[in-house]
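K.L.:
After the structure tokens below, expect a handful of questions from me.
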């Protein structure tokens, strides 16, 4: 009988948790009901990264994986570029792999589904975090709804990678606190959460997750260390193991990404560039009135680059303040281990403060320290995004307050709430007192062009006052015992959902189908039929007809228009050195076809029209473009910085500049090239030749490996940007293949990480039990 009762209780508990997760899904669907149910409506406004970057990337990755290969290399954009190493490709993220493997064609609606799933996942993980920290289901549900609909997930709804990584932040925080509490198995869970965040496709929110773990660890460990420094040291080792396991599992993504960053433009961001998209101090008003400077990309009128304002709902702010009030009152009454057990508010609050200070960018000195001393932090922009840590902290604190008021309060807690309500009511009355002044302002500006902006400010202030008044009303009703015990918690959940949905629905939508306009299939077919390995040049001001990254959709080589956030620094320098398309440097790119407006001026001595396409586009053939691969007998060498200058002085049809041994053979020949997948090619040499270098019009990058008639051979830089392989007169075939340089090591590290996670998950004792067995007495870890 007892077993049956216990089983029924567990089933009931699971059912209630599932109900909470369904509720979060319903709120997310409510927020985005238009792209879900309204025909012809899409996310986000103007397409954003979802259309311009992620959609082409995922289509290409899915196609390559269905061909049975890992897409290490992108041969279609920027004269070739690393693909998997670009962390935003998200190739190794398990959820993406599942979609790539199971969905016949990764369409735009599939990506929209992934966006909405990760919004739900953010809420679900915040709910799990709240429950893991001892909150009631209704309190944790409040935290989940608030976090899932917070500002980062609104502003960046078009950046799937960003929200995918951010959705794992609550689980990283929870795992860190659990490990610090002595739960060894949470080392494995936290490690998997770190790994998922690292693989999901954006390094910046991954750094935020590691920062969150560090802040929470330092604060919590300092509190434990006051009673038992040895226990604190062991818990620190546990957190370090958790992070190490996660990063090791993600090594196949992180090690190639580290190498790419060193060779890209991102390796040289100035401090001024790094603080772009910071949260301006004057923009902080958006935390309480989200529409103060206009809500959405089309209505924003602030003088700063548009960024997150951190809005997470008025009820969330009020309840987070209430949680701090209650925690302060309890801290004064508690001592010893009881105070330590109740001290989770301190690390969560500290996390919120650090995120807030970093979000202000150059307005505080903290960001400068991180730029200078924290790895990778200096190569990223968008400091305002750290406000997601503040929003997570506020959501969890608010969930704690909802839990406290829904389970019954002690007399001392009631006194603290009374004092809080008195102050909050006075603040609300001050806010209401400003409303008439807003009305007068609108009357004075009725004929002024600034009237729409002023109207948005006044309306936003009124709505904020309504939400604040409703929050105070629910709290007062709970204090007076009106309604059922859980009524206040349910009311708060409904209130925060209504607030956040009202503030965000419809601001990031478009009625233009993002799938349309990716290049011209008829042009792609024409080019591929004439020369499957020819490249086109579409960097001619035709982005409306041929958007960036069309090359990945059409699988057509393009010399310059790939939308690549980590553009290779050498490619950028080479392209910038081309004065015009009449330059011999331009011809080395292998751009046989130029797609340009009919009215565009072209060098008629080398470009001749070969196709007229609809939409006022003309395809020109470049008679001087080099082929995909050439055999050049005569070479010379110079320093890398002087190569471009020297290329302008010599006959590049007969001489190449290589970073290897010189050759002085006669001869030149175009070579036959066959691609073997996306990152490999086979080049056939003529039966009679004098040797030299095979020069391939593909970007050089570490990881290219060559065999000449089956023998390993070095791959060197040729003509500043391209691949070069030395061959002798007797050689007949060159095979090139790209594999990231640290790929074998990364697989080994991932294996170690998986084994470490299994060991941590299977270990029979928690850190607390281990501590109790290894050290007893006053101040032992079992007491903390």
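Residue numbers (my numbering): 868 to 1651.
We treat Cβ as the ideally placed atom computed from N, Cα and C, and that holds for glycine.
Taking all protein chains shown into account, do 16 or more other C-beta atoms lie within 10 angstroms of the C-beta of residue 973, making it buried, or fewer, making it exposed?
P.N.:
Its Cβ being crowded by 16 or more others within 10 Å, residue 973 is buried.
K.L.:
Can you give me the Cβ contacts of residue 1143 inside the same chain, cut-off strictly under 7 angstroms, excluding the 5 residues immediately before and after it?
P.N.:
1172 and 1248, listed in sequence order.
K.L.:
Please name the residue or residues paired with residue 1551 in a DSSP beta bridge.
P.N.:
For residue 1551, which the question treats as bridged, DSSP gives the partners 1539 and 1600.
K.L.:
When DSSP labels each residue in this structure, what does residue 941 get in the three-state scheme?
P.N.:
Residue 941 falls in the strand class under three-state DSSP.
K.L.:
Exposed or buried, what is residue 1371 when buried is set at 16 or more other beta-carbons lying within 10 Å of its beta-carbon?
P.N.:
Result: buried.
K.L.:
Count the other CB atoms, across all protein chains shown, that sit within 10 Å of the CB of residue 874; report buried if there are 16 or more and exposed otherwise.
P.N.:
Result: exposed.
K.L.:
When burial is assigned at 16 or more other CB atoms within 10 Å of the CB, is residue 1482 buried or exposed?
P.N.:
Residue 1482 is exposed by the Cβ-count criterion.
K.L.:
Could you check whether residue 1493 and residue 1457 sit closer than 8 angstroms to each other, using their CB atoms as the reference points?
P.N.:
Yes. Within cutoff.
K.L.:
To the nearest angstrom, how far is it from the Cα of residue 1539 to the Cα of residue 1118?
P.N.:
Their Cα atoms are separated by approximately 37 angstroms.
K.L.:
Sorted by chain position, which residues of the same chain lie with C-beta nearer than 8 angstroms to residue 1328's C-beta, five sequence neighbours on each side aside?
P.N.:
Excluding sequence neighbours, residue 1328 sits near 1156, 1298, 1301, 1302 and 1305.
K.L.:
Give a yes or no on whether the C-beta atoms belonging to residue 1333 and residue 1292 are separated by under 8 angstroms.
P.N.:
Against a cut-off of 8 angstroms, the Cβ pair of residue 1292 and residue 1333 comes out as no contact.
K.L.:
Can you grab the Cα-Cα spacing for the pair residue 1294 / residue 1262, in whole Å?
P.N.:
Cα to Cα, the separation comes out at about 21 angstroms.
K.L.:
Measuring alpha carbon to alpha carbon, tell me which of 1626, 1582 and 1620 ends up nearest residue 1608.
P.N.:
If we check each option's Cα against that of residue 1608, 1582 comes out closest.
K.L.:
Taking only the alpha-carbon atoms, compute the straight-line gap between residue 1388 and residue 1395 and give it to the nearest angstrom.
P.N.:
Taking the straight line from one Cα to the other gives about 10 angstroms.
K.L.:
Can you give the beta carbon distance from residue 1356 to residue 1273, rounded, assuming they're within the 8 angstroms contact cut?
P.N.:
With 8 angstroms as the limit, residue 1356 and residue 1273 qualify as a contact, their Cβ atoms being about 4 angstroms apart.
K.L.:
From 950, 1098, 1586 and 1318, pick the residue whose C-alpha is nearest to that of residue 1121; which is it?
P.N.:
The shortest Cα separation from residue 1121 among 950, 1098, 1586 and 1318 belongs to 950.
K.L.:
For residue 1320 and residue 1176, I'd like the C-alpha separation in whole angstroms.
P.N.:
Using only the alpha carbons, I get a separation of about 17 angstroms.
K.L.:
How many Å lie between residue 1361 and residue 900 at the Cα?
P.N.:
Roughly 17 angstroms between the two C-alpha positions.
K.L.:
Name the DSSP bridge partner or partners of residue 1474?
P.N.:
Answer is 1489, bridged to residue 1474.
K.L.:
Alpha carbon to alpha carbon, how far is residue 1267 from residue 882?
P.N.:
So the alpha carbons of these two residues sit roughly 22 angstroms apart.
K.L.:
Which residues does DSSP pair with residue 1167 in a beta bridge?
P.N.:
Answer is none; residue 1167 lacks a bridge partner.
K.L.:
Please confirm whether residue 1559 and residue 1500 have their CB atoms less than 8 angstroms apart.
P.N.:
Against a cut-off of 8 angstroms, the Cβ pair of residue 1500 and residue 1559 comes out as a contact.
K.L.:
Assess contact between the stretch 916-925 and the stretch 943-959, defined as three or more Cβ pairs (one per stretch) separated by less than 8 angstroms. Is contact present?
P.N.:
The stretch 916-925 is in contact with the stretch 943-959.
K.L.:
For the stretch 1325-1373, which segments carrying the alpha helix (DSSP H) assignment without a break, of at least 4 residues, lie completely within its bounds, in sequence order?
P.N.:
Qualifying alpha helix (DSSP H) stretches, in chain order: 1354-1371.
K.L.:
Could you give the DSSP three-state label for residue 1243: helix, strand or coil?
P.N.:
Of the three classes helix, strand and coil, the one that applies to residue 1243 here is coil, per DSSP.
K.L.:
Is it true that the CB of residue 1588 sits closer than 8 angstroms to the CB of residue 1400?
P.N.:
No, they are not a contact pair.
K.L.:
Distance, Cα to Cα, residue 1661 vs residue 1011?
P.N.:
Residue 1661 cannot be examined here, being either before or after the span of the chain that is shown, 868 to 1651.
K.L.:
Report yes if the C-beta distance between residue 1342 and residue 1282 is below 8 angstroms; otherwise report no.
P.N.:
Contact: no.
K.L.:
Under the assumption that residue 1521 contacts residue 1602 (Cβ atoms under 8 angstroms), give the Cβ distance between them as a whole number of angstroms.
P.N.:
Not a contact, Cβ separation roughly 26 angstroms.
K.L.:
How would you write the range of the beta strand (DSSP E) that residue 1499 sits in, first residue to last?
P.N.:
Segment 1496-1503, the beta strand (DSSP E) holding residue 1499.
K.L.:
Decide if residue 1567 is buried, meaning its Cβ has at least 16 other Cβ atoms within 10 Å, or exposed.
P.N.:
Classification of residue 1567: buried, given that the 10 Å Cβ count is 16 or more.
K.L.:
Give the range of the beta strand (DSSP E) segment to which residue 1404 is assigned.
P.N.:
Start and end: 1402-1404.
K.L.:
Give me the Cβ distance between residue 1280 and residue 1271, rounded to the nearest whole Å; I'm assuming they're in contact under 8 angstroms.
P.N.:
The pair is a contact, with the Cβ atoms about 7 angstroms apart (cut-off 8 angstroms).
K.L.:
Would you call the CB atoms of residue 1478 and residue 1409 closer than 8 angstroms?
P.N.:
Contact flag unset, no.
K.L.:
According to DSSP, is residue 953 part of a helix, a strand, or is it coil?
P.N.:
Here residue 953 sits in coil by DSSP.
K.L.:
Smallest Cα separation from residue 1099: which of 1112, 1084 and 1531?
P.N.:
When only C-alpha atoms are compared, the closest one is 1084.
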